[in-house]
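To start, the structure itself, in structure tokens.
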Amino acid sequence: MPSTEKVSYQLTTNLSLAHAIEHFLDLTFPDIARYAQAKKITEPLLGIVASVNGQAYGVLLAENKGHSFKILTWFVHKAYRNQGIGENLLLKLEKVLLKNNACDLLFIDYDADWEGSAWMESIFKKNNWQSPKDNLWMCATERKLISQAPWLDIVPKMRGLEVFAWQNITLLERLQLLQETFYPPIHNPFVDETRIALAYSYGIRKDNKIIGWLITHQISATTIQYSNFFIHSAYRKNGHAIGILIKAIKQQIADHKFEKFVFQIPPSSGQMAFLKKRLEPYLIYKSIMRSNAKTLRDK
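Taking the numbering used here, I'd label the letters of the sequence shown as residues 341 to 639.
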């Protein structure tokens, strides 16, 4: 095996997603092509490539998010691991961003169940990153399983509330909602709008004012992701949340177009315990998604 002394590192600052997929797909984790199917990626990408004798064996790709950069993939070929290459990729990215005063923050989201998560967290701790935070409960099920849930037959009492198809939101409501402060930024319902699965996305109105929503996205030919489920804190204890969830799930079951259901549930939704209790018996997969970050400059 080659030593790290023979490894060279190259910075790529104008990397297109297509080029990354064509040349580095086997050196991306998570798989960059599958990631791009589920979420819109801002181009160009920033990349650090580790090579030996002109052959790439390690790649780190980051996305410019404005005032921050997000690490999308970080991978070293198994034959070249345990030599410090992975850590060097990260350090060289940090150095480039600091030198160019490029952003305030460098961050990453990852699955706590990934084989390399413990290694990543040790690198973060060693290099003065923040402590990791659990920020999302992610789970998946299939039509034949979720169809067995008895709570799908519940008819929720929605007194004084109006459930409406999200595609029917008015321009005025949109503008008003963008000015509201009752939901955190992670629950902005207008993120990644081009991918919204309108057939399974709903909102709730109270006195002609929007107080909640369930936004879904099509992330593959067979899968709908329940990405953004939020109810105003004043209305969470009345069982209103389950109303739009049942409506969306039953519609997806009836359509027979998408076999799989993926749910993303952040603690800030106020619905994590509620949903875990009802979904867990029917899952084929579940995991905790974590985030970590490092401040690169004071704002």
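Don't be surprised by glycine CBs; every beta carbon is placed ideally from N, CA and C. A quick note: this is a predicted structure, and the numbers were derived from the prediction, not measured.
Measuring straight from C-alpha to C-alpha, what distance separates residue i and residue j?
i: Arg576; j: Phe601; result: 23 Å
i: Gly552; j: Leu401; result: 35 Å
i: Thr344; j: Thr556; result: With a pLDDT of 48 at Thr344, under the threshold of 50, the modelled position of that residue is not reliable, and no figure is offered here.
i: Ala358; j: Lys379; result: 15 Å
i: Leu355; j: Ala574; result: 46 Å
i: Ile593; j: Lys484; result: 9 Å
i: Tyr375; j: Ala390; result: 22 Å
i: Arg535; j: Leu385; result: 21 Å
i: Arg618; j: Ala581; result: 12 Å
i: Ile296; j: Lys439; result: For the chain, the structure presents residues 341 to 639; residue 296 sits outside this window and is missing.
i: Val436; j: Leu412; result: 17 Å
i: Thr353; j: Ala360; result: 12 Å
i: Asp595; j: Lys634; result: 44 Å
i: Val399; j: Val416; result: 7 Å
i: Gly406; j: Ile564; result: 28 Å
i: Thr562; j: Ala539; result: 15 Å
i: Pro621; j: His572; result: 27 Å
i: Phe364; j: Glu502; result: 49 Å
i: Lys473; j: Lys465; result: 13 Å
i: Ser631; j: Trp469; result: 11 Å
i: Lys418; j: Gly426; result: 11 Å
i: Leu431; j: Gly500; result: 55 Å
i: Gln319; j: Gly394; result: Outside the displayed range of the chain (341 to 639) lies residue 319, so it cannot be described from this structure.
i: Lys410; j: Asp366; result: 20 Å
i: Trp454; j: Lys597; result: 30 Å
i: Phe522; j: Leu512; result: 17 Å
Measure from the alpha carbon of residue i to the alpha carbon of each residue in the options, then state which is nearest.
i: Leu429; options: Asn467, Asp449, Ala442; result: Asn467
i: Ile448; options: Lys497, Pro370, Lys549, Ile571; result: Pro370
i: Tyr397; options: Lys473, Lys346, Pro607; result: Lys346
i: Ile550; options: Pro529, Lys590, Ala561; result: Pro529
i: Ser471; options: Trp477, Thr481, Met460; result: Met460
i: Ala373; options: Leu517, Ser560, Lys410, His527; result: Ser560
i: Tyr542; options: Ser567, Pro524, Glu520; result: Ser567
i: Lys497; options: Gln558, Glu362, Ile544; result: Ile544
i: Lys590; options: Trp477, Val495, Lys418; result: Val495
i: Ile605; options: Trp454, Leu476, Asp547; result: Leu476
i: Ser487; options: Ala613, Glu599, Phe603; result: Glu599
i: Gln558; options: Glu533, Phe569, Phe570, Lys546; result: Glu533
i: Pro607; options: Ile526, Lys546, Asp547; result: Ile526
i: Asp451; options: Trp414, Glu434, Leu433; result: Trp414
Since residue i and residue j should fall inside the 8 Å C-beta cutoff, what is the C-beta to C-beta distance between them, to a whole number of angstroms?
i: Cys479; j: Leu636; result: Actually they do not touch by this definition, with Cβ atoms about 33 Å apart.
i: Asn404; j: Thr368; result: Rounded, the Cβ-Cβ distance is 17 Å, inconsistent with contact.
i: Leu408; j: Leu351; result: Here residue 408 is Ser; the residue named in the question, Leu, does not match the sequence. With a Cβ gap of about 19 Å, Ser408 and Leu351 do not count as contacting.
i: Tyr349; j: Ile388; result: 6 Å
Say the cut is 6 Å; is the CB of residue i nearer than that to a heavy atom of the ligand HEM?
i: Asn468; result: Ligands are entirely absent from the displayed structure, and the ligand HEM is therefore not among its contents.
*Are the region 505-524 and the region 622-631 touching, with three or more C-beta to C-beta distances below 8 Å?*
no
*Quick one: complete beta strand (DSSP E) runs, 3+ long, within the region 341-403?*
347-355, 385-392
*asked:* Within 8 Å, do at least three Cβ pairs link the region 581-598 to the region 485-501?
replied: yes
*Of all the alpha helix (DSSP H) runs that stay within the bounds of the region 415-497, which reach a length of 4 or more residues?*
425-439, 457-466, 483-486
*Could I get the ranges of all uninterrupted alpha helix (DSSP H) runs contained in the region 573-614, with 4 residues as the minimum, in chain order?*
Secondary structure in the region 573-614: the alpha helix (DSSP H) runs of 4 residues or longer, each lying completely within the stretch, are 580-595 in chain order.
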